[in-house]
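Below is one structure, written out as structure tokens; the observations come after it.
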Amino acid sequence: MSDPLIRRLREQIAERDRAILDAVNARLKLAAELKRHKEQHGVDFVDPEQEKRLLHALEQTNAGPLSGEGLRELWKEILALTKREVH
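In this text, residue positions in the sequence shown follow our numbering: the first is 6, and each later residue adds one.
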């Protein structure tokens with residue numbers, strides 16, 4: 006594409022995509038560490054109340070343009086992915 010604005014915006018989106026990937030991988034590493042620790046201490050890995058607190062806190066800090074519904078869908082997927090990846 007020869008349009009400089011399109012090229013620049015695509016480059017910025019690609020940078021954010023890489024940052025998201027890095028953040029998800031870092032989150033998975035931390036979740037795996039948490040799972041190991043909880044297993045060693047006989048604590049269930051999945052904590053539905055903590056998930057509710059997390060979602061509530063994220064909803065409170067979300068300035069948009071991501072909608073509340075979009076935020077809930079995104080985190081539902083991130084939490085499901087985390088559970089699959091660390092099990």
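Ideal placement from N, C-alpha and C gives every residue a C-beta, glycine not left out.
Remember, predicted model here, so these are calculated numbers, not experimental data.
Taking a cut-off of 8 Å on C-beta distances, the region 71-82 does not touch the region 19-32, as fewer than three cross pairs fall below it. Its chain contains VAL29, ARG32 as the residues whose beta carbon lies nearer than 8 Å to that of ILE83, once the 5 sequence neighbours on both sides are disregarded; these appear in chain order. By the criterion of a C-beta distance shorter than 7 Å, LYS40 is surrounded in its chain by PHE50, VAL91, once the five residues flanking it on both sides are discounted. The straight-line gap separating the alpha-carbon atoms of LYS81 and HIS46 is approximately 26 Å. One Cα belongs to ARG89, the other to ARG23, and the distance between them is close to 21 Å.
Per DSSP, ASP27 is one residue of the alpha helix (DSSP H) stretching across 9-45.
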